[in-house]
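First residue of the sequence shown? That's 2 in my numbering, and the numbers climb one at a time after it. C-beta atoms are modelled at their ideal positions from N, C-alpha and C, and glycine is treated no differently. I have placed the structure first, in the form of structure tokens, so that the comments after it can refer back to it.
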Amino acid sequence: MEKYRVLASYFHENKDLYDQMLKQRFYSEGTFQLPFEALGHPAFVVMTRDLTLKLSILTSLLNTFNQLTRSTPYLNTLMVDAIFKEIEASNEIEGIHSSRKELQLAMSFPVAKHTRFAGQIRQYIQLMDHSDLFPQNVSQIRTLYDDLLLEDIQLNTPDNVPDGYLFRKEPVYIHDGIHIVHTGIVPEEKIIELLDQSLKIANDTTIPSLVRLAIFHFLFGYIHPFYDGNGRMNRYLSTLFLASQFSPEASLQLSLCIRKKRKEYYRAFKICEDPLNKGDLTPFVLFFLDALQMALQEEIEVLKQRKKEYDQYIEKIHSLHLSRKETALLAVLAENKIFNIGGSSLTQLCEQMSLSENTLRKLLHALDRYIFTIRSGKYKQYDLIDHFLTSDQ
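Next comes the structure, spelled out in structure tokens:
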């Protein structure tokens, strides 16, 4: 299928052809004209055959992905692992290192109350129980930002705390290391106006949901409403949108695919911000759908492999002929081992198994030959021994 050609390339080839292609695309029956001006021109997306095909493929992949995740007995553990990977990837895109150990600590209450990344963990964990968190107005965007990032920004870069009524008052400039590649929208009144328009587009059901998501993702990055955390916030909002339209499990693949295609991601932004492309957001939408397709295809293969590993652990556990509760505890620890969740605290295991601390302590003691204890100060975490599958016990 012929690759979508950006409008700017026609300008450099033939000015008359450029004007003709702009009119043809903008007024095409298959074009969504958007209530949003990008660089002085109404934004639009052309529903090409290629784009329509990508939507069909993604719908099929999302169905396969949801069938795989919903049929697993370890859905909660899978979600925690996906949340960790999503936060790690989203932070890494911005050059922020967040280790699995730090995220595990942030998740271990009461330790997590004032721990780095605790806000991100709390917000993403909500996806396990709620799929309707996507904001409906600009005030809710600011509330989500405060819950997700404000604590870390106050601690690490206090000068970047929003200083306007809801967002920033002053200009912000994005550099590529040498040049300014983008200037965020000003003043704050315009930020609020354009974010409101972006939310209306995100909720416009006449546009396919994944196209709406890609458009909103671009527009939020274009507006750049905060001094710091715009990328992480944008990816979190996109995650909330995916969760509301499809499933929480499928929503947690976005940052992973963007991290792997980081150069193409920023290039897609740059193309659509070129004044010569006259608000044509189709190249960004095509990139976004490609990236999501790649992420889902890869994760489907990972899920199939995890299922094989889980079955091996369960077969080994059943061969030990333990009590029902002992078997259940080892199965929970096996899930954590497979998904690299790390050790679980006594409190977390009690919640997972709906058992009292006293009962769980007895089980841990009875199974101590299969379990090792990780000590972190006065706190303990429990994990399955590394050689469990090959042990003769």
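| Item | Value |
| --- | --- |
| Buried or exposed by the 16-neighbour rule on C-beta atoms within 10 Å, applied to Arg143 | buried |
| Through-space distance from Arg117 to Pro111, alpha-carbon basis | Residue confidence is low: Pro111 scores 44 on pLDDT, short of 50, so the model does not pin down where it sits. Its coordinate-derived value is still stated next. Between Pro111 and Arg117, the C-alpha separation is close to 13 Å. |
| Contact set for Ala215: own chain, Cβ-Cβ below 7 Å, skip 5 residues either direction | Phe285, Val286, Phe289 and Leu290 |
| CB contact flag (Thr65, Ile301, <8 Å) | yes |
| Residue closest to Thr158, alpha-carbon to alpha-carbon, out of Thr206, Gly230 and Ala296 | Gly230 |
| Residues near Leu331 in its chain [Cβ-Cβ closer than 6 Å; skip 5 each side] | Ile318 |
| Residue from Glu358, Leu293, Phe247 and Ala335 with nearest C-alpha to Asp133 | Phe247 |
| Selected residue, minimal CA-CA separation from Ser355, among Ser29, Val333 and Thr49 | Val333 |
| Cβ contact (3+ pairs, closer than 8 Å) linking the region 269 to 282 and the region 310 to 324 | no |
| Whether Pro226 touches Leu196 by CB criterion (8 Å) | yes |
| Whole-number beta carbon distance between Asp384 and Ile372, since they are thought to touch under 8 Å | 7 Å |
| Whole-angstrom C-beta distance between Met234 and Tyr146, which should lie under 8 Å | 6 Å |
| Nonlocal neighbours in the same chain, by C-beta distance under 6 Å from Tyr228, ignoring five residues either side | Asn161, Arg169 and Val173 |
| Where Glu190 falls, given that 16 or more other Cβ within 10 Å makes a residue buried | exposed |
| CB of Tyr28 within 8 Å of CB of Ile88, strictly | no |
| Residues that DSSP places opposite Phe45 in a beta bridge | Gln34 and Asp281 |
| Residue span of the alpha helix (DSSP H) that contains Phe12, given as start and end | Leu8 to Glu14 |
| Same chain, Cβ closer than 8 Å to Gln353, five either side skipped, listed in chain order | Asn77, Val333 and Ser345 |
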